[in-house]
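All remarks here apply to the structure that follows.
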Amino acid sequence: MPNIMDFRLNRRALLAGAAATAAAGVMAGSGPAGAQELSKVVAWETPYLGFFFFVVLQEALKRKAESLGLQFVGKDANGDSNAQVNDWNSLLLQKPRYLISDALDSELLIPLTKKARSLGVPVGMVDTPLTGGTVAASVTFDNRQSGVMAAEKTAELLTRKYGSPKGSVLNNYGSLTAVALRNRKEGFEETLKSKYKDIEVISRPQNNQHDEALAVVSATLRERPDLDAIHMPTDIFVVDARKAMETQKRLFPVGHEKHIILTSIDASPNALEWVKAGEIDADIAQDPIAYVEIVVDLLEQYTLKGQPVPTGPYENKKYFWEKGMIADSPSGPLLTIPPYFLTKENADDPRHWANVVTKVWKMEQNAG
Amino acid sequence: MNGRKFLLDNVVWILIIVFSLLAGVLNPFFLSEGNLQNVLVQATTLGVLVLAVSFTLLIGEIDLSVIGNLVFSGMIGAYAMQEYGAHWTVAVAVTVLTGTLIGAVNGYFVSYMRMNSLIATLAMGLFLQGAVLGATQARTLVIADEGYGYIGSATIGTWPIMPVALFVIYLAAHVVLAYSAWGRNLYATGGNRRAAHAAGINVRRVRLSAFAAAGFLAGLAGFLYASYLGGVSVTVGSTTLLYAVAAPVIGGVSLLGGRGRVLGMLGGTLLITVIQTGLQLINVSAYYIQMIGGAMILLAIAVDAFRVRGEEQESV
Amino acid sequence: MTQSDREPTEGARRAGEGLFAPAPSDRSVLVVDNVFKTYGPVSVLDGVSLAVPKGAIHGLLGKNGAGKSTLSNVIAGFTRADAGSILLAGEDVSSLTLTARKKRGLHLLSQHSEIFEDLSIGENLLLPNLPRRRSLIDWGKLHRQASLLLESHAMQVSSRRRAGDLNASDRRRLAIIKAVAGDARLIILDEPTAGLAARERQHLLEWVEALTAGGTSFIYISHHNDEVRQLCSEYTVLRDGKVAASGAAGSLSADGMARLITGSDVKEFRREGQMAPKPPIVEISDLCFPGGGPVELTVGRGEIVGLVGLLGEGPQELLRTLGGLLPATSGRVLVDGRPARIDSPGHSLAAGIAYLTHDRIGEGHVASMSIAENLSLGNWPRRAGWMISRSSMLGRMRQARAAMDVVMDTPDQEIRKLSGGNQQKILLGRLLERNPAILLLDEPTIGVDVAAKEHIHRLIDDATRRGVAVLLIAQDPDEMQRLVDRVVVFSKGRIERSLSAEGLTADAIADARSLRKPMTERRTT
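Protein chains in written order, with the working numbering: chain A, 4 to 371; chain B, 308 to 623; chain C, 20 to 544.
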């Protein structure tokens with residue numbers, strides 16, 4: 004539990020005046036005088052902290068900053084885009100070394116990138132990039148493509164079952180106010196509807212709520228005793244789908260004749276275990292650790308030295324996917340990391356973020 | 308005795324100073340000019356919402372649809388420009404008018420159909436936010452118009468002009484609530500509805516108009532948010548409702564109606580904003596910010612409860 | 020006379036020995052010894068002592084603000100005294116909590132009877148110790164116990180009925196039975212008869228008297244001096260937080276008691292009868308309303324007409340209908356020959372019909388607003404159409420203050436800090452400011468001390484001299500007899516007959532009212 008250490012530090016900082024001035028000193032270094040001297044503070048603004056994925060994003064940046072001898076400051080918008088704008092304003096005023104953020108709203112932050120530029124603070128975006136403005140470096144994941152891949156996989160497994168792509172699939176989609184989830188839904192459903200007309204897509208929302216996910220999957224299972232497949236847009240809610248199947252005695256391992264095809268996206272530590280145990284058919288991986296590490300590398304390597312981030316192929320053997328592409332986007336250079344399948348065969352590769360989180364960082368996804 | 312009463316009445320300002328100094332000790336930057344601007348800008352949008360909620364609290368009711376209202380009327384204003392090419396002044400008028408109409412509908416529900424305001428406006432808020440989600444498909448409506456965005460982005464020297472809107476609106480609210488016949492009718496209706504009715508005040512109309520005024524202010528907030536953020540999306544302000552209700556209470560507005568000064572509402576707004584910006588600037592782990600923020604609001608309300616108790620003792 | 024009455028008592032207190040306090044015999048259930056209480060700079064109780072023997076009823080008298088409520092709160096444990104002690108059956112309970120004192124049999128029943136309207140009578144009686152069987156409520160046993168209690172105290176209602184459906188008198192009875200059932204040693208009754216009709220009042224008084232046979236003692240607080248004389252064995256008069264007088268109740272005359280309470284001679288106001296016929300100003304024809312009608316009534320300029328009838332028989336309903344608070348179902352009202360709209364208080368006021376409520380707190384003033392604002396409520400002097408002209412508002416306030424002798428600090432003070440009498444003057448002033456053609460007064464002196472009462476009577480009389488007509492309801496036949504020019508008697512919602520002021524006596528009014536059987540009896544059989 005690294006958090007406890009943090010809290011002690013902060014509590015001491017809050018209560019004791021002496022320690023407080025030490026904390027203040029860190030900030031003072033980033034004051035107006037710091038134009039020549041680079042600040043040691045790395046600022047971070049996350050749209051949520053309530054989900055494990057975002058916890059990993061933040062942890063990755065914390066560790067990366069630490070490894071570079073830098074200070075970390077992080078804020079949480081809790082799903083409110085106005086709060087995110089306010090956080091950006093407050094963080095920028097302190098003139099950090101750079102500001103890294105995952106956008107809750109790809110439009111509303113654009114004017115702030117201009118403000119950041121006038122203050123001389125480089126901005127890096129991860130996960131959800133902006134649709135305009137000046138961002139020094141963005142690293143993202145092709146969410147739409149991950150949905151397409153899940154759809155193709157589902158079609159393939161149904162073909163194996165029936166001889167041709169047909170049957171029914173529940174897409175228990177998440178909150179559409181989150182851009183990533185919206186893109187996954189579109190990729191998944193449009194692929195099935197346009198290419199596989201005999202597959203019936205039952206599209207039902209869970210609003211990023213565990214209880215809603217459980218209720219919707221349960222109800223659909225009762226309503227459709229013949230349901231062939233379930234797709235969850237993120238691993239976070241696979242637990243609820245599994246619980247619903249278990250309650251109705253319809254949870255069977257992959258290969259069993261009554262097995263319901265289950266696909267999801269993220270490749271979180273939980274999913275890694277399910278893949279290994281043959282409890283889930285396919286999980287498509289993104290790489291939160293890579294987003295953060297790469298964006299910091301790009302900012303340190305190029306932006307802080309006054310150079311633009313070069314476009315073109317990007318290669319890094321440190322990550323499982325190894326190759327990506329940096330392209331020009333409306334907001335600046337954008338590295339898109341390709342989605343890939345997490346399989347039984349590749350599950351033990353230490354470069355999966357799930358393995359890094361559990362084996363190297365010793366973090367656990369499930370509390371207790 | 309009077310000194311004590313003065314202290315208690317102005318406790319919100321004392322807390323603002325205490326919290327500011329505390330934040331200043333933890334990060335000297337908090338007390339800088341740049342951050343003062345930051346605090347005032349953030350207080351503007353919240354402050355208008357606080358006024359909106361306060362107008363309904365004064366008659367002993369509550370409007371929980373203000374967030375839904377601000378997003379919805381902001382969206383209508385944005386559509387007016389994008390789809391119909393309306394001039395920005397027209398768009399502002401449309402935004403505010405939409406808000407007022409929604410408020411009047413709330414008022415009709417509560418005053419004439421005798422629906423419970425807590426539930427009716429909660430449902431109205433859900434409906435409006437859902438309507439925005441449906442109409443925009445969760446996408447952001449970008450507002451590029453310079454005139455529309457002027458208040459939210461322009462500066463004089465280094466000073467943003469947005470806080471001017473805050474003070475103008477609060478000054479107007481003060482004049483209306485403290486000196487106009489309509490304003491005093493609000494207090495009378497909230498303080499004792501039956502007595503106000505018996506004294507010849509058209510209580511139903513006053514109650515409807517309080518909600519219409521709340522809607523007007525929510526529409527105004529919709530304009531200010533859109534101007535400040537440069538666009539409208541359904542996620543705007545989703546965490547603000549609680550603060551918009553807490554701030555008036557911290558500033559001494561009674562949930563039972565009939566009591567509350569505009570200066571107190573302003574104090575409540577600034578205190579909440581100081582807490583929020585303070586937490587944005589202090590190096591506290593994000594995991595604990597919500598907890599600390601909640602505890603500080605609790606503290607402020609506890610101090611207010613102490614004040615109210617003192618007042619009651621006096622009148623025994 | 021007054022001086023010599025007071026002197027020995029005060030002297031005795033100073034010496035540390037009150038009239039009763041120093042000799043707490045075995046008979047004394049309650050001894051209050053030299054109690055002090057201040058709020059800020061104001062001394063509310065200034066060395067008060069009294070003793071109540073077992074089975075006695077002790078009258079507690081005084082103007083509003085004399086310290087009666089504070090004293091009862093101190094005795095019951097709602098507030099602590101700054102100094103002094105309270106002995107209950109020899110035990111010092113001064114530092115015990117309210118609940119602890121209740122357990123020892125000390126109860127305070129305030130004017131607003133503390134009952135749970137939505138619970139049954141049985142539950143109200145037995146709370147908080149409802150009989151249980153395996154942690155669930157045993158309803159059968161509950162109602163058996165409750166019925167026994169009700170029967171033994173001569174109350175014939177089913178314990179299963181909703182308590183909120185009881186009338187005012189039975190509610191108070193219920194609260195008293197509850198206290199007695201909990202082995203009450205001493206019960207403080209704060210104005211138990213307020214708002215009750217004469218017949219009900221008498222019933223309640225006799226019923227309370229019967230309870231003393233069981234050994235329960237009472238402290239009886241009332242504005243009705245006659246009740247105290249009838250019911251109590253001893254009395255204590257408080258004035259400005261001090262004991263102004265005390266002694267045996269039987270020996271006092273009504274005038275003497277009034278003098279002790281106010282501390283000066285108050286001359287009862289008596290209006291000079293105006294027999295001569297006056298030109299009509301308000302003509303009511305065929306008026307029907309919820310609970311009454313059709314009513315035909317013509318009131319002349321400057322005439323005061325008393326309305327007599329039991330609660331629910333028509334007088335209150337007629338006034339509320341004319342005032343715009345109840346909807347008229349048919350009929351016509353002419354004011355000065357012009358038809359008047361009476362579908363809301365605003366319209367009634369605009370037509371020159373001004374209603375003064377009997378419920379000052381609930382429907383009269385806005386407690387959180389200033390005195391000046393309450394005077395102009397709903398009738399703001401305006402500037403530029405929408406602004407309130409503060410100078411005109413304060414001008415009105417100055418006039419009203421001078422004309423009505425309102426005792427107050429500043430016009431910006433909240434009205435709830437005024438005494439009942441001064442609040443009532445402000446409400447009356449608000450109506451007079453509108454220059455009404457007719458005043459509808461529903462209990463204009465309810466909960467008002469003797470001096471203020473006479474003053475309000477004078478103000479009403481003054482208004483009639485300017486041509487204002489008055490319809491008056493007053494429970495006290497004496498009060499009505501002194502003011503009215505004519506009385507109309509209501510029965511079943513209609514005017515049954517009319518009595519002229521000539522030779523009209525208070526007894527005649529009381530008789531006229533109780534011609535019909537009282538409501539309580541009809542309801543409970």
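Idealized CB from N, CA, C, for every residue including glycine.
Closest Cα partner of residue i within the set the options
i                      : options                    : result
residue 289 of chain A : A/129, A/74, A/42          : A/129
residue 120 of chain C : C/95, C/128, C/135         : C/95
residue 109 of chain A : B/605, B/556, B/540, B/438 : B/540
residue 445 of chain B : A/185, A/123, A/170        : A/185
residue 171 of chain A : A/141, A/205, A/151        : A/205
residue 417 of chain C : C/395, C/189, C/503        : C/395
residue 514 of chain C : C/337, C/289, C/435, C/488 : C/337
residue 582 of chain B : B/326, B/420, B/469        : B/326
residue 552 of chain B : B/316, B/359, B/506, B/409 : B/359
residue 441 of chain C : C/397, C/490, C/383        : C/383
residue 591 of chain B : B/333, B/433, B/471        : B/333
residue 42 of chain A  : A/78, A/101, A/347         : A/101
residue 300 of chain A : A/58, A/60, A/71           : A/71
residue 312 of chain C : C/322, C/347, C/325        : C/347
C-beta atoms of residue i and residue j nearer than 8 Å
i                      : j                      : result
residue 516 of chain B : residue 435 of chain B : no
residue 136 of chain C : residue 200 of chain C : no
residue 147 of chain C : residue 161 of chain C : no
residue 505 of chain C : residue 519 of chain C : yes
residue 479 of chain C : residue 460 of chain C : yes
residue 354 of chain C : residue 300 of chain C : yes
residue 319 of chain B : residue 571 of chain B : yes
residue 388 of chain B : residue 439 of chain B : no
residue 64 of chain A  : residue 45 of chain A  : yes
residue 318 of chain C : residue 457 of chain C : yes
Own chain, CB closer than 8 Å to residue i, minus 5 neighbours either side, in chain order
i                      : result
residue 149 of chain A : 187, 190, 268, 287, 289, 342
residue 489 of chain B : 483, 513, 516
residue 353 of chain B : 547, 550, 551, 554, 576, 579, 580
Residues sharing a beta bridge with residue i, DSSP
i                      : result
residue 285 of chain A : A/266
residue 312 of chain B : Partner(s): none; residue 312 of chain B has no beta bridge.
residue 232 of chain A : A/172, A/264
residue 74 of chain A  : A/44
residue 52 of chain C  : C/104
residue 111 of chain C : C/106
residue 466 of chain B : B/463
residue 326 of chain A : A/318
residue 291 of chain C : According to DSSP, residue 291 of chain C bridges with nothing at all.
Close-in-space but distant-in-sequence residues of the same chain around residue i (CB under 6 Å, 5 per side omitted)
i                      : result
residue 29 of chain A  : Residue placement at residue 29 of chain A cannot be trusted, given a pLDDT of 40 that sits under 50; what the coordinates show is reported in the next sentence. For residue 29 of chain A, where only same-chain residues beyond five positions count, the Cβ hits under 6 Å are 74.
residue 509 of chain C : 328, 332, 333, 334
residue 199 of chain A : 158, 168
residue 425 of chain C : 441, 444
residue 282 of chain C : 258
Cβ-based neighbour list, residue i, same chain, cut-off 7 Å, excluding 5 preceding and 5 following
i                      : result
residue 108 of chain C : 48, 204
residue 462 of chain B : 468
CB contact below 8 Å: residue i versus chain E
i                      : result
residue 503 of chain C : Of the protein chains in this structure, namely A, B and C, none is chain E.
Supposed close pair residue i, residue j - CB separation, criterion 8 Å
i                      : j                      : result
residue 51 of chain C  : residue 68 of chain C  : 6 Å
residue 526 of chain B : residue 404 of chain B : 7 Å
residue 236 of chain C : residue 343 of chain C : Their Cβ separation, rounded to whole angstroms, is 47 Å, which puts residue 236 of chain C and residue 343 of chain C out of contact at 8 Å.
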